[in-house]
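Taken in order, these protein sequences are the chains called E and A. Position 57, counted from 1, in the first sequence is what my numbering calls 57; the numbers after and before it change by one each time, with no gaps. With positions in the second sequence counted from 1, the corresponding number in my numbering is that position plus 177. The beta carbon of each residue, even a glycine, is placed where N, CA and C say it ideally should be.
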Amino acid sequence: MSQEKCLGCQEVTEEDLLLQLDGILDDYVGKPGGLIPALQIAQKLFGYLPKSAIKLISKKLSIAYSEVTGVISFYSFFSTVPRGKYMVRVCLGTACYVRGGKEVLSSLQKELEIGVGGTTGDGLFSLDIGRCFGACGLAPVLMVNDDIHQRVKAEKVKELIEFYRDLELTKIKEKAG
Amino acid sequence: MISLTINNLKIEVPEGTTLLEAAKKIGVNIPTLCNFEGREAIGACRVCVVEVEGARTLVASCATPVSEGMKVYTNSKRVRDARKTVVELLLSEHNGECKTCDRNNDCELQSLAYQMGIEEIGLIGETARQHIDKTTPALIRDNGKCIKCRRCVAACNEIQSVGALFPQGRGFDSVIGPAFMLDLDTVACVQCGQCVAVCPVGAITERSHIDDVWKALDDPNKLVVVQTAPAIRAALGECFGYEPGTLVTGKMVTALRQLGFDKVFDTNFAADLTIIEEGTELLVRLKEKIVEGKKVALPQFTSCSPGWINFTEYFYPEYLDNLSSCKSPQQMFGALAKSYYAEMMCKDIDEIVVVSIMPCTAKKYECQRDEMNSSGIQDVDYVLTTRELGKMIKQAGIDFKSLPDSKMDSPLGLSSGAADIFANTGGVMEAAIRTVYEIVTGRELPTENLHIDAIMGLDGVKRASLKIEGTLPEWSFLEGVELKAGVAHGLGNSRKIFQAIENGEEFHFIEVMTCPGGCIGGGGQPRHTDDSVRLKRIAAIYAEDEGKQLRKSHENPDIQRLYERFLGKPLSETSHHLLHTHYHQKPVC
Chain E
1 MSQEKCLGCQ
11 EVTEEDLLLQ
21 LDGILDDYVG
31 KPGGLIPALQ
41 IAQKLFGYLP
51 KSAIKLISKK
61 LSIAYSEVTG
71 VISFYSFFST
81 VPRGKYMVRV
91 CLGTACYVRG
101 GKEVLSSLQK
111 ELEIGVGGTT
121 GDGLFSLDIG
131 RCFGACGLAP
141 VLMVNDDIHQ
151 RVKAEKVKEL
161 IEFYRDLELT
171 KIKEKAG
Chain A
178 MISLTINNLK
188 IEVPEGTTLL
198 EAAKKIGVNI
208 PTLCNFEGRE
218 AIGACRVCVV
228 EVEGARTLVA
238 SCATPVSEGM
248 KVYTNSKRVR
258 DARKTVVELL
268 LSEHNGECKT
278 CDRNNDCELQ
288 SLAYQMGIEE
298 IGLIGETARQ
308 HIDKTTPALI
318 RDNGKCIKCR
328 RCVAACNEIQ
338 SVGALFPQGR
348 GFDSVIGPAF
358 MLDLDTVACV
368 QCGQCVAVCP
378 VGAITERSHI
388 DDVWKALDDP
398 NKLVVVQTAP
408 AIRAALGECF
418 GYEPGTLVTG
428 KMVTALRQLG
438 FDKVFDTNFA
448 ADLTIIEEGT
458 ELLVRLKEKI
468 VEGKKVALPQ
478 FTSCSPGWIN
488 FTEYFYPEYL
498 DNLSSCKSPQ
508 QMFGALAKSY
518 YAEMMCKDID
528 EIVVVSIMPC
538 TAKKYECQRD
548 EMNSSGIQDV
558 DYVLTTRELG
568 KMIKQAGIDF
578 KSLPDSKMDS
588 PLGLSSGAAD
598 IFANTGGVME
608 AAIRTVYEIV
618 TGRELPTENL
628 HIDAIMGLDG
638 VKRASLKIEG
648 TLPEWSFLEG
658 VELKAGVAHG
668 LGNSRKIFQA
678 IENGEEFHFI
688 EVMTCPGGCI
698 GGGGQPRHTD
708 DSVRLKRIAA
718 IYAEDEGKQL
728 RKSHENPDIQ
738 RLYERFLGKP
748 LSETSHHLLH
758 THYHQKPVC
């Protein structure tokens, strides 16, 4: 990892984030059904679910560590490994599958040079599959973070990825002033 | 009441009864692999499906409550075919070899396959991935054999509140195990073996010491002594077809001699010793608190149950000083066998091998703890569960049922009825009170048959209070004191006691046994243990107690002799060296 500090932003340590999480979790102590929202919050905070955060959640909500990881590993939305800045999810629900979702996925794998669950070397993109985003009429669908892209064609995937790469480059340039 | 018909037979049952329970009442047994007493049905295995008239699909009878006018069929072609397919699917995924499995002839899946007449598995597919975890001294887990019924998950989480096991992942790739598939020795597993006791297949078993014990027995240079825990005599018979609760003490002793053990001793002897040491310890703590005004850890907790010790070390380390410093009877026995007895026999300690027969898997863990080498080497060498002893007796070709009765050997074989009841919940407390009351007042405990009714039976948490009156001069500080006792069994219930303490409830002495029902329901007992079996075994234990002339630990003449010749007095320096210890906090994950 580069030791260069990001210009204009303070580096937030894991301890800071854990402290922040600890405070947020106060609202969920003793509340039934609090585990999943707590995990969602933690994932948003850290970008993924590091062991330290999982242990904190387990301790604070008095839910066994094995149960917390059981829930995490059940839902594909949760990740215990760091993920790229842009999370690309390809829907492989039935409608998307029959309308070419699988081809979109393999095209993405080729373009990003990573497998499902992987993250690119520059930390920019992670790839995962999803199971129905509820947009079957727009199949095949993929999501990049919160953006939904409809009727995606395998051959257009390169263009889509380039768009986000350019977007990132622009942001860096803007920050550099 | 709800009326319905099952296989055209009319039946009335209370609302909320499940179809599975209702069927059982009219003698219709519905097979199941995931259901078990004391936990809400989850309908995981689908073996118990039945047909309900008017319902679109078959329903899981364990999870379906009765309703008025229901017409249920448990043996239609549709039901039989579906069940057969379910079992075939389980078999196709099951990565195990019956011939070499620990559960061969004691496996619920194997029995079902036989019952359903499955002669070949028509479905070929991927099998469960094998991952064998042998990291703990007590338990071996084999994920390949796991059928994901989740009984162990319920035992570990709902009953024991330990939470070492949980389903991880989803779909075909899901596995039952600790977080991130860590090995059991790296997570907070207390090794109680309740998972082993409820597993329908061979996915979780105890680590066998059978071969080690045979090796010791075959070695002419070793003096091999065996101790049998109080709970064995009320359960071992089940391995040979006896009804639960049949006492087989005499036959067990004969069988152990025939197996080649040089001396057959009794953990009960050490249980009597525990009462003397632990009772005295309680009185010392009370004196320090009341007379000397010292800050003393009270209530005192019993410390016989190694799963409970682990549980306290992991989850309630702030209460470690409350644990009695007494080792468990198994370990007291081991330390004495390799000191007192070795001296008596003029043997070097490494010439003696101590084998325990225990209803417990955690005892396998306990015997190899660092604290348990007071004689200079490991005090107890091997631990066999009741099931393992049953196997050894069969291996030796001994016809158990035709054996004559015989008696335990001296000097570590004589015990009182108070020691017998160490086997069940409430027993250690009652045994202690029988002795403590008499020490303090000089009179026998004034209850009927020396029992304390309030702490008998299967309620999860029990309380008793006893007013001490007419004390001897030495104990006058206890005059009028209301001695408050708490009893919990099943580790989940121990949390309720902790909660009560934290809410300010006063206790002086608390007994906790790791397993539901106490040791008679231990993780090493013959399967399958439900409450009806527990009650039968407990009744047998009380019968053993009441059948003895000697009912109180302090009256055991061999214990009195042990103090005269060797230990001096309770809590003496020798006692402290051999019979007491202290435990330490363990990290949870």
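Residue i, buried or exposed, once every other Cβ within 10 Å from all chains shown has been counted against 16
i	result
A:K471	exposed
A:P693	buried
A:N680	exposed
A:S238	buried
A:L755	buried
A:N733	buried
A:C376	buried
A:E651	exposed
E:S62	exposed
A:D786	Lying outside 178 to 766, the shown extent of chain A, residue 786 of chain A is not represented and no answer is given.
A:A474	exposed
A:L649	exposed
A:R711	buried
A:Q702	buried
A:C523	exposed
E:T170	exposed
A:F349	exposed
E:P37	exposed
E:E4	With a pLDDT of 44 at E:E4, under the threshold of 50, the modelled position of this residue cannot be trusted; read the value that follows with caution. With fewer than 16 other Cβ atoms within 10 Å, it is exposed.
A:V401	buried
A:N281	exposed
E:R83	buried
Beta-carbon gap between residue i and residue j smaller than 8 Å
i	j	result
A:I674	A:A665	yes
E:V89	E:I24	At residue 89 of chain E the sequence reads Arg, which differs from the Val that was named. Contact: no.
E:E67	E:L124	no
A:L591	A:D735	yes
A:R327	A:A218	no
A:R173	A:A232	Here chain A has residues from 178 to 766 only, and residue 173 of chain A is not among them.
A:D258	A:D310	no
A:H271	A:K202	no
A:D586	A:G427	no
A:L668	A:G484	yes
A:Y491	A:A331	no
A:I179	A:E245	yes
A:I128	A:K584	Because chain A in this structure spans residues 178 to 766, residue 128 of chain A falls outside the shown range and cannot be described.
A:Q260	A:V224	The sequence shown places Arg at residue 260 of chain A, not Gln. Cβ distance < 8 Å, so A:R260 and A:V224 count as in contact.
A:L655	A:H685	no
Residues near residue i by beta carbon distance below 6 Å, same chain, minus five either side
i	result
A:D362	T312, T313
E:Q150	L138, V141
A:P747	I453, E454, T457
Own chain, CB closer than 7 Å to residue i, minus 5 neighbours either side, in chain order
i	result
A:A716	G422
E:V12	none
A:S501	E455, E458, Q477, F478, T479, S480
A:V403	L433, F438, V441, F442, V532, I534
E:L18	S52, A53, L56
A:G695	A600, N601, T602, G604, H666
A:H628	E607
E:G177	none
E:Y179	Nothing can be reported for residue 179 of chain E: it is not among the residues displayed for chain E, which extend from 1 to 177.
A:S752	E454, L744
Residue i at chain D interface by Cβ criterion, 8 Å
i	result
A:P344	Structure shown: chain D not included; protein chains present are E and A.
Cutoff 8 Å; reference residue i; Cβ partners in own chain excluding five residues on either side
i	result
A:T195	A218, S238, C239, A240, T241, P242, V243
A:E615	E621, L622, K729, H731
A:R347	none
Next on the checklist: Whether or not the stretch 456 to 469 of chain A and the stretch 595 to 602 of chain A are in contact is what I'm after, with contact meaning three or more pairs of Cβ atoms, one per stretch, closer than 8 Å; do they touch?
Outcome noted: No contact exists between the stretch 595 to 602 of chain A and the stretch 456 to 469 of chain A.
Checklist entry - Do the stretch 564 to 579 of chain A and the stretch 503 to 512 of chain A touch if we need at least three Cβ pairs shorter than 8 Å? => result Under the 8 Å Cβ criterion, the stretch 564 to 579 of chain A does not count as touching the stretch 503 to 512 of chain A, having fewer than three qualifying pairs.
Checklist entry - Just by C-beta distance, which residues in the stretch 52 to 71 of chain E are closer than 9 Å to chain A? => result So the close ones are I54, K55, S58, K59, I63, A64, Y65, S66, E67, V68, T69, G70, V71.
Checklist entry - Does the stretch 365 to 372 of chain A touch the stretch 537 to 550 of chain A, meaning 3 or more C-beta pairs lie closer than 8 Å? => result Yes: the two stretches touch, three or more of their Cβ pairs being nearer than 8 Å.
Next on the checklist: Closer than 7 Å between beta carbons: that is the criterion. Which residues of the stretch 334 to 358 of chain A meet it against chain E?
Outcome noted: Taking 7 Å as the Cβ-Cβ cut-off against chain E, the residues of the stretch 334 to 358 of chain A that qualify are N334, G340, A341, L342, F343, P344, Q345, G346, R347, P355, A356, F357.
Checklist entry - According to a CB-to-CB cut-off of less than 9 Å, which residues of the stretch 73 to 106 of chain E neighbour chain A? => result Going along the stretch 73 to 106 of chain E in chain order, one finds S73, F74, Y75, S76, T80 with a Cβ nearer than 9 Å to chain A.
Next on the checklist: Does the stretch 90 to 105 of chain E come into contact with the stretch 126 to 144 of chain E, if we say contact requires no fewer than three beta-carbon pairs (one atom in each stretch) closer than 8 Å?
Outcome noted: Note that the stretch 90 to 105 of chain E touches the stretch 126 to 144 of chain E; at least 3 beta-carbon pairs, one per stretch, sit closer than 8 Å.
Next on the checklist: For the structure I just gave you, are there three or more beta carbon pairs, one from the stretch 563 to 572 of chain A and one from the stretch 386 to 406 of chain A, closer than 8 Å?
Outcome noted: As far as the Cβ criterion goes, the stretch 563 to 572 of chain A touches the stretch 386 to 406 of chain A, which means the pair count is three or higher.
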